[in-house]
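Below is one structure, written out as structure tokens; comments come after it.
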Amino acid sequence: MSNRPLILGIAGCSGSGKTTLARELARELEATLLPLDLYYRDLNHLPESERAQQNFDHPESLEHTLLVAQVEALSQGQPVAAPFYDFATHTRIPNRSIPVAARCVLIVEGILALHYESLRALYDLSVFVEAPSEVCLKRRIHRDIHERGRTEQGVCEQYWATAHPMAELYVLPSAAHATLKVDGCEALDWSVEQVLALLRRERHLPRH
Numbered sequence: 005m006s007n008r009p010l011i012l013g014i015a016g017c018s019g020s021g022k023t024t025l026a027r028e029l030a031r032e033l034e035a036t037l038l039p040l041d042l043y044y045r046d047l048n049h050l051p052e053s054e055r056a057q058q059n060f061d062h063p064e065s066l067e068h069t070l071l072v073a074q075v076e077a078l079s080q081g082q083p084v085a086a087p088f089y090d091f092a093t094h095t096r097i098p099n100r101s102i103p104v105a106a107r108c109v110l111i112v113e114g115i116l117a118l119h120y121e122s123l124r125a126l127y128d129l130s131v132f133v134e135a136p137s138e139v140c141l142k143r144r145i146h147r148d149i150h151e152r153g154r155t156e157q158g159v160c161e162q163y164w165a166t167a168h169p170m171a172e173l174y175v176l177p178s179a180a181h182a183t184l185k186v187d188g189c190e191a192l193d194w195s196v197e198q199v200l201a202l203l204r205r206e207r208h209l210p211r212h
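Note that the working numbering has the sequence shown beginning at 5, numbered continuously upward.
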């Protein structure tokens, strides 16, 4: 039998609850979790005043070729060094990386996790987390203020200027590629159980 890990893609709009679901599944399955957020392009070449004005929700904001290459390496059991990205400065930290080891299960998570065709081709199964835009915005405000050093006004301006329009253009349509859709407003335990049931049903769930 192949030692190739099971690869699960989890997508959804920013604030939908996809990251929470991915983290819980990673704990439950003892999986490697690879967030797409690590792969934002380095904006060190731009003045600080211009960095925050960039469209971070467009597919080109991520270095997806590096992402795909590293997921391919992990799928072959090879460890990788993911970029170390600083959300406060919108830059990658020089000479620092995040070691990512291959395990029996790899979870790739992010708003655009189901957008890139070359990335989707590597998944065994995929999940899309759905949630109303007002819920997503509320959660995004809380996260960006507490985790990314932003202000509420700045978060709201960015949400309506780029996040919401890009969700309509790229994120929501990618739900069509999901093996399973779950409700990000329902109990986390129920969403986890739906994904685990899918894995068991498809006989992809590794035996410990």
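The C-beta atom is built at its ideal place from N, Cα and C for all residues, glycine as well.
Computed from a predicted model, the values in this text were never measured in an experiment.
Q) Apart from the five residues on each side of it in sequence, which residues of its chain come closer than 7 Å, Cβ to Cβ, to A106? A) Excluding residues within five positions, the ones whose Cβ falls inside 7 Å are P9, T36, L78, G81, Q82 and P83.
Q: Would you kindly work out how many angstroms separate the C-alpha atoms of R152 and H49, rounded to a whole number?
A: One alpha carbon belongs to R152, the other to H49, and they sit about 20 Å apart.
Q: Give the single residue among F88, R204, P169 and G19 whose Cα lies nearest to the Cα of L47.
A: F88
Q) For R27, which residues of its own chain have a beta-carbon under 7 Å away from its beta-carbon, when the five flanking residues on both sides are left out? A) L37
Q: Could you check which residue in V72, K22 and A165 has the C-alpha nearest to that of H62?
A: A165
Q) Taking the C-alpha atoms as reference points, what is the distance between M5 and L40? A) In this prediction, M5 scores a pLDDT of 36, lower than 50, which makes its location untrustworthy; the coordinate-derived value is nonetheless stated afterwards. Distance between the alpha carbons of M5 and L40: 29 Å.
Q) Taking the alpha-carbon positions, what's the H212 to N59 distance? A) Summary for H212: the model assigns pLDDT 45, below 50, so the residue's position carries little reliability; its value from the coordinates is reported in the next sentence. For H212 and N59, the distance between alpha carbons rounds to 42 Å.
Q: Just grab the DSSP bridge partners of T95 for me.
A: D90
Q) CA-CA distance, G21 and N7? A) 30 Å
Q.
I need the boundaries of the beta strand (DSSP E) containing V133, first residue and last residue.
A. Going by DSSP, V133 is part of the beta strand (DSSP E) stretching over L129 to E134.
Q: Inspect the beta-carbon positions of S65 and R45 and report whether they are closer than 8 Å.
A: yes
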